[in-house]
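Protein chains in written order, with this note's numbering: chain B, 5 to 477; chain D, 4 to 216.
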Amino acid sequence: MNQYQAFYQRIDKALHNDQLRRNFRSAMDGIRERRLAQFPDDQELQALRYQTKGIRNKSLSRQAELLERLETKLTENGIQVHWAETPLQANALIHEILEAEEATSVVKGKSMVSEETDLNHYLEQRGIEVIESDLGEYILQMAQEPPSHIIVPAIHKNRFEVAELFQKFHPEQPYTNDVDELTGCARQVLRKKFAYADAGISGVNFAVAETGTLCLVENEGNGRLSTTAPRIHIAITGIEKVVEKLSDVPPLLEILTKSATGQPITTYFNMISRPRQPGEKDGPEQVHLVLLDNGRSRIRNDEELVDTLRCIRCGSCMNHCPVYVHVGGHAYGTTYPGPIGILLEPQRLGIDKVGSLTSACTLCGACGEVCPVRIPLPKLINRLRADAVDAKPGENGVPGTGALRSRSEAVIWKLWQSIYASPRLYRSFKFLATRLRRIKPPLSNGWTRYRPIPTPASRSLSELARQEGYDDE
Amino acid sequence: MSSARDNILQRLRANQVDLEQPDQSTPPLEVLSAEQRIARFTECQKAVHGEVHTLPAHQWIDWLAEELPKRGLHQVLTGTGETGNQLVAKNIESTIFHQYDQPIESWKPELFSQIDVAITGSRCGIAETGTLVLIPDRDEPRLMSLVPPVHIALLDGTKLYQSFAEVIEKEQWADGLPTNVLLISGPSKTADIEQTLAYGIHGPKQLITLLLK
C-alpha cells in the first residue's frame, strides 16, 4: 500500500465514524469562539502577531548563540544540559539519567517532543513505569492511542468512552460518566503516582537564555507536580524553543494561551531556573534539559521553509482547518496533525514517507490567518506540493523531494503548457474540444470519481464574441 | 554527547538565517488606578472560579479564624515565615496547624492525603490577568500552593501590577531568577473531557485570595 492509499484509508475510516466527527465538530466550534472572544480588537491582535513574529524570528536568527547562552546560564544555575540529534539519542540520554539514579517510575507532564521520540515505549521496554499525568494524555495512555490534537489530546473521546476506560482500568472506583466525578477519580488515581514517582518528565514552552529559565504553561497542575514532587526532573524540548530575553516571554505567553484555548492566561505559568537549593524543602535535587534537534537545524536550509520553526504549538491552525475538523488528528498518522503537521512532518520525515499529507489542504487560508506568529502556512504547504513533484531535486532540499512525481501527470501538464503557450495550438485545441465535445477521456479517479466530466460548450467564448461582431482586440 | 552538541551548533551556524524582525510594539495599555487594578484582578479571578476577599490588612487572621472552621478546613498547612508563625500562634477552634518545616521526603504521604488547606503569602499580583505571583522559598515551599485541595493566598493590595511585563521590569527579574517563580491564575482545572471545565484535577479545587488594603 502506498502512502496515499494508507492516508485515504485512515481518512475514510474517520469520515465514517459519526461519533468522532460530532466530538470534533463541537469541540472545535467551542474553541474557535473562545479564541475570538479574546481578541475583540483586530488592530491590537495584528500588532501582537507582528510583535511575536519578530521575537520568534530574532530567536531563530541567533539560535546558535542563544542556545550556547542558554546552556551557560542553565549550567551556572545547576541545571544539566544535554544535546540530542535524533529521537533515539534523546531517549537513550533520558534512560541513562534514570538508570544512573536507579529511578524506576516516572510521571510525565504533557510533551509533544516526547511523542516525537516515542519516549514512553522506549522507557517501558526497559522496565520503567511511565505514567502520563495530563488528564487527556492519561486517558489516551489507557486507550493506547496517540494524541489527536496537540493541546487537547483526547478531544476525539466523549465522556462515555472515557467512563468505559476508567471502569476497565480502575474497577475499584465506582462507575460514572459525569465529567466532574471522572476528574475526581483521575485526581485520586494520579495522586498516588505523584507521591511515589522517582522522576518527572516534562516539556518546555519557552527556554529563556538571559536567565536560564524553563517556562511551562498549563492548567491542571500536573506539570508543576511532575517538576516538583519527584527527586529528578528531566525536561525535553526542541532546539527552536529558546528565546533571548525574559521580556520576550509576556507577549508570547499572551498570544499562546489566547490562541490555543481562548484563555487570557493559563492557571499556571511555571518558571524553573534551578534544582532544589540548600535549605529548600521540596523540588527536585536534579534538573536536566534535553535539547532535541531531530531535523530542525536542517529545516533552516531553506529561507522560505524556515518559517515553520517559528511555531509556538498553540494548535490554532488545526482548530480552524476545515479538513482537520472533519477527519480529526489520527487520520494524519503523524505526531503533529493539522496544517502545522502537513507543513512540518514531510520536512522532518521526508516527502517520500508522508508527502501525501499535503493533499489534505484546501488552501482556504484560515490557518495562515489565525497563526499567532504569522507562519504563511497555506503558501508553504503549496510550496511543499511543488517540491513533492519537483523534477530536479537539489541536494539540500526537503528529504524525498520529487518522490511524488508522476510521469503521466507531468506529461499532461507539459502538454497543457505547450498548448497554452502557442496561440496556433490553442486555437486548434479549442476547435477540436468544441466540435468533438462528446468525446471525453475515460477518467474514474479523483475529482471525477463522484462527478461527471463537464461537456465543453459547442462554441468557444471567442467564437461567440466574433459572431456578435466583437473582434479579437 | 558533546559531538551531538557540536554537530547541532555547527549546522545552525552553517544554515545562518537572517529573518525579518518587524519593530512592532503593541499599543500601550490604558493605565489603571490602584482601585481599578483591584477591581480588574477581582473580576478576572472570579471569571476563573477564584474567590477574592478584600480586607483591611490587619484583619486577615481574624477572617481565617472565622472562616476555616466554618468551611470545615481543619488540617491547615502553613509556612515557617512570619505569616505562618503568626497563624500557628493564634488559637483557632478545631484547627490543627502543620508547619512545612521538614523536607518533603519525610512527610510526602501526609501532605498528599491529610492536609485540607494551605495558607501562603504572595510576592505580588497582576491585575490584567487576575494573577498571583508566588516565589516559593525555604519558608513557603513549592508544593504548598499545589497539593492541598484549597489554597488561600494573602496579597498586598499595593503590590498589584498591571501586566506581566511590568512585573518583570519593576522586580528586575532579568538580573536572575530564584529556583521557582509561579504565576497562578485560578484553581487547577481541565477541559480534557468533552471540553467541559472541571476544577481541582491535580492542584487546588479552590483558590482564595485575601487582598489586603
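We put the beta carbon where it would ideally sit given N, CA and C, even for glycine.
- By the Cβ test, the segment 34-50 of chain B is in contact with the segment 263-277 of chain B, since at least three Cβ pairs between them sit closer than 8 Å.
- Taking each of G354/B, V393/B, G332/B, I379/B in turn and checking the Cα distance to I344/B, the smallest one comes out for I379/B.
- For a cut-off of 8 Å, the C-beta gap from S320/B to A407/B is around 30 Å, too long to register as a contact.
- Among the residues facing chain B, R14/D is included, as its CB has a counterpart in that chain under 8 Å away.
- Between the segment 289-308 of chain B and the segment 237-248 of chain B there are three or more inter-stretch CB-CB distances shorter than 8 Å, so the stretches are counted as touching.
- Against chain B, a Cβ distance below 8 Å from G203/D picks out T187, G188, R191.
- Contacts between I379/B and chain D, judged by CB atoms closer than 7 Å, are missing: the closest CB pair is about 12 Å apart.
- Residue environment: R352/B is assigned as buried (16 or more neighbouring CB atoms within 10 Å of its CB, all protein chains considered).
- Taking CB atoms only, R409/B has no neighbour in chain D less than 8 Å away.
- Contact between the segment 62-73 of chain B and the segment 191-202 of chain B is absent, with fewer than three C-beta pairs closer than 8 Å.
- Nearest in C-alpha terms to H86/B, of all of L295/B, R409/B, D391/B, I346/B, is L295/B.
- Nearest in C-alpha terms to N323/B, of all of A10/B, K434/B, G34/B, I15/B, is G34/B.
- Under the Cβ criterion of 8 Å, A177/D is counted among the residues facing chain B.
- Judged by DSSP secondary structure, K112/B falls outside any alpha helix (DSSP H) and instead within the beta strand (DSSP E) spanning 109-112.
- In the DSSP assignment, the residues bridged to C219/B are F210/B, M275/B.
- Taking the CA atoms as reference points, L158/D sits about 23 Å from L220/B.
- Looking at P403/B, E289/B, P458/B, the one whose alpha-carbon comes closest to that of P106/D is E289/B.
- Taking C-beta separations shorter than 7 Å and ignoring five residues to either side along the sequence, the partners of G189/D in its chain run Q48, V51, H52, G53, L210, following chain order.
- When Q78/D, T83/D, Q39/D, G206/D are compared, the shortest CA-CA separation from D142/D is found for T83/D.
- Using a Cβ-Cβ cut-off of 8 Å, G128/D does not count as an interface residue toward chain B, since no Cβ of chain B sits closer than that to its own.
- Counting along the chain, N183/D sits inside the beta strand (DSSP E) bounded by residues 183-187.
- Bounds of the alpha helix (DSSP H) holding I143/B are 139-147.
- Taking C-beta atoms as the reference points, P279/B and G354/B fail to come closer than 8 Å.
- Closest in C-alpha terms to I457/B, from the list S466/B, S464/B, P446/B, comes P446/B.
- When only Cα atoms are considered, A395/B and G58/B end up about 35 Å apart.
- Under the 8 Å Cβ criterion, the segment 189-207 of chain D counts as touching the segment 158-171 of chain B, having at least three qualifying pairs.
- Contacts with chain D at 8 Å (Cβ-Cβ) include Y54/B.
- Against chain D, the CB of F28/B has no partner CB under 8 Å away; the residue lies outside that interface.
- Pairing L146/D with T123/D gives a Cβ-Cβ distance that is not under 8 Å.
- Near chain D, meaning a CB-to-CB distance below 9 Å, the residues of the segment 270-281 of chain B are T270, T271, Y272, F273, N274, M275, I276, S277, R278, P279, R280, Q281.
- One Cα belongs to L74/B, the other to P181/D, and the distance between them is close to 16 Å.
- Look at I155/D: its C-beta is not under 8 Å from any C-beta on chain B.
- Closest in C-alpha terms to P139/D, from the list L186/D, D65/D, I118/D, L114/D, comes L186/D.
- Taking the Cβ atoms as the reference, W63/D lies roughly 16 Å from L163/D, outside the contact range of under 8 Å.
- Proximity of chain D to V310/B at the Cβ level (cut-off 9 Å) is accounted for by N18, V20, L22, in chain order.
- Sequence-distant partners of M32/B (beyond 5 residues in either direction) whose C-beta falls short of 7 Å from its own C-beta, in its chain, are N323, V329.
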